[in-house]
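In the numbering used here, the protein residues as written are 2 to 316.
Worksheet: the structure to be examined is printed underneath.
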C-alpha cells in the first residue's frame, strides 16, 4: 500500500479532508483511518485495488461519519475531500468530491480552504497577493485577508452566477453548482432533513437534483441560512455556493442588502457556526423559461461575485 499525509480543514463548519497530489508519503501501514503524526496530521494508506484518492469508494470510506477519518478535535469523517495538484494555467488545481464520491462541482467553503492549504504548504501566488486556481467550474482567485494561528479569513472570487429561475415558490440558480433557495420566516422551524431531501429530488431539478437552502431575513439586515447538500445528503454546517446563491436570490426577491458601494451590494449571512459575506454586482435574471438548465443563458444573474469567510486547519 502507498500512503499520503492527510489534513483536515473547516470552512465555517463545512469540513474537508485535504491532500496534496505528490505530497511525500509517510509510510503509514494502517487502513484509511490512520494515526496522528507529530504535527497533528494524519497518514492514510491507499488500498491496492483503489485507483487513487479520487476513487469514490475511498472517498466514501474516509468521509464516513462513523468509521472514517478522525481529526484532532475528535470529529470523524467529513463533508467532502479535496486534492491540490499542479496546473498549467494557474497557481494550482482544486479537485473536489462530495462525501458520496461524486465530483465535478465547485465548493465555495472548499475553495477558501484550498487557498489556506496552499498557503500552509508554502505555495505563493505567481502574481500579486491573490492565488489563481483551477476548479471544476473554471478559474478562481483567492486572497488571504488575515491570519490568526491556523485560522484565515479568505476572500474568494466566484464565477458569474447564471440561470436564475422562479420555481416552486423559490429561486433556482447556478453559482458553480446548482442551488434552490426558499425564503421562510424562521429557518429554525424548518425540518431541513425531510424538506431538503424532498426538494433535492424534485422533478423540477432532474436529473442532477439541486442543493436546497432555507433562508430567513433577520432584523439586523443579515440573513440566516440552513442548507441540505446533495452528495452529502444531509444538512451541513455551511455551504459556500449556497450562501452565495442565497445572497443573489435575496436581491432578486427585493430583500435589501446589508451595504452597498456604488453598484456592488453586500449581504451578510449566518450559517450554523460562522458569519460570511457575499459581494456582487447584480445583473439581469435569465427569464426565457421556468425550468433550470446547466447551459448558461444570455446575460448573468450576478457578476464580480466574492465570498468572504473563515478557513481553518483543524488537523
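All residues carry an ideal CB built from backbone N, CA and C; glycine is no exception.
> Any chance the CB of residue 103 is under 7 Å from a heavy atom of the ligand ZN?
Replying inline: With respect to small molecules bound, the structure shown includes none, and the ligand ZN cannot be examined in it.
task: Have a look at residue 150 and residue 168 and give me their C-alpha separation to the nearest angstrom.
output: 44 Å
Exercise for the section: Kindly identify the DSSP beta-bridge partner or partners of residue 196. Expected result: BP columns for residue 196 are empty, so no partner.
Inset, instruction - Could you tell me the distance, in whole angstroms, from the CA atom of residue 372 to the CA atom of residue 261? - result: Residue 372 lies beyond the range of the chain shown here (2 to 316); nothing can be said about it.
- Task: Quick one: grab the DSSP three-state call for residue 110.
- Result: helix
Tell whether a beta-carbon distance below 8 Å holds between residue 134 and residue 88.
-> yes
Residue 116 and residue 145: beta carbons closer than 8 Å? yes
message: Let's test the definition: count the other Cβ atoms within 10 Å of the Cβ of residue 166 and tell me whether it reaches 16, buried, or not, exposed.
response: buried
Classify residue 230 as helix, strand or coil using the three-state DSSP reduction. strand
| query | Smallest Cα separation from residue 277: which of 307, 263, 253? | reply | 307
Q) From what residue to what residue does the alpha helix (DSSP H) around residue 59 run? A) 57 to 64
TODO: Return the chain-ordered list of same chain residues with a C-beta closer than 7 Å to the C-beta of residue 247, the five sequence neighbours on each side being excluded.
DONE: 182, 214, 216, 224, 226, 270
| message | Report the CB separation of residue 177 from residue 107 in whole angstroms; it is logged as a contact under 8 Å. | response | 3 Å
Excluding the 5 residues preceding and the 5 following residue 130 in the sequence, name in chain order all residues of the same chain whose CB lies nearer than 6 Å to its CB.
144
*Can you name the start and end residues of the alpha helix (DSSP H) that residue 309 belongs to?*
Premise fails: residue 309 lies in the beta strand (DSSP E), 303 to 314, not in any alpha helix (DSSP H).
*Entirely enclosed beta strand (DSSP E) segments - the region 204 to 261, minimum 3 residues*: 212 to 218, 224 to 230, 235 to 237
Nearest-angstrom beta carbon gap, residue 275 and residue 310 [assumed within contact, 8 Å] | 6 Å
| field | Check whether residue 114 and residue 312 have beta carbons under 8 Å apart | value | yes
At a cut of 8 Å, does the region 58 to 66 reach the region 203 to 210 through at least three beta carbon pairs? no
Grouping DSSP H, G and I as helix and E and B as strand, with all else coil, what is residue 145?
strand
So the beta strand (DSSP E) residue 158 belongs to, where does it begin and stop?
152 to 158
6 Å CB neighbourhood of residue 64 in its chain, flanking five on each side removed = 78, 79, 100
Along the chain, where does the beta strand (DSSP E) containing residue 265 start, and where does it finish? 265 to 271
Residue 314 burial status per 10 Å Cβ neighbour count (16 or more: buried): buried
| Going by C-alpha distance, which of 98, 111, 228, 17 is nearest residue 158? | 111
**OP:** Indicate whether residue 184 and residue 254 have their beta-carbon atoms separated by less than 8 Å.
**Re:** yes
For residue 258, does the count of other Cβ atoms within 10 angstroms reach 16, so buried, or fall short, so exposed? buried
Note to self: Check for me: the beta strand (DSSP E) holding residue 138 runs from which residue to which?
What the structure shows: No beta strand (DSSP E) contains residue 138, which DSSP labels as neither H nor E.
| Secondary structure at residue 169, three-state DSSP: helix, strand or coil? | coil
Exercise. Tell me, to the nearest whole angstrom, how far the beta carbon of residue 197 is from that of residue 236; I am working on the premise that it is less than 8 Å.
Key: 7 Å
Item to check | First and last residue of the uninterrupted beta strand (DSSP E) at residue 86 | outcome: 81 to 86
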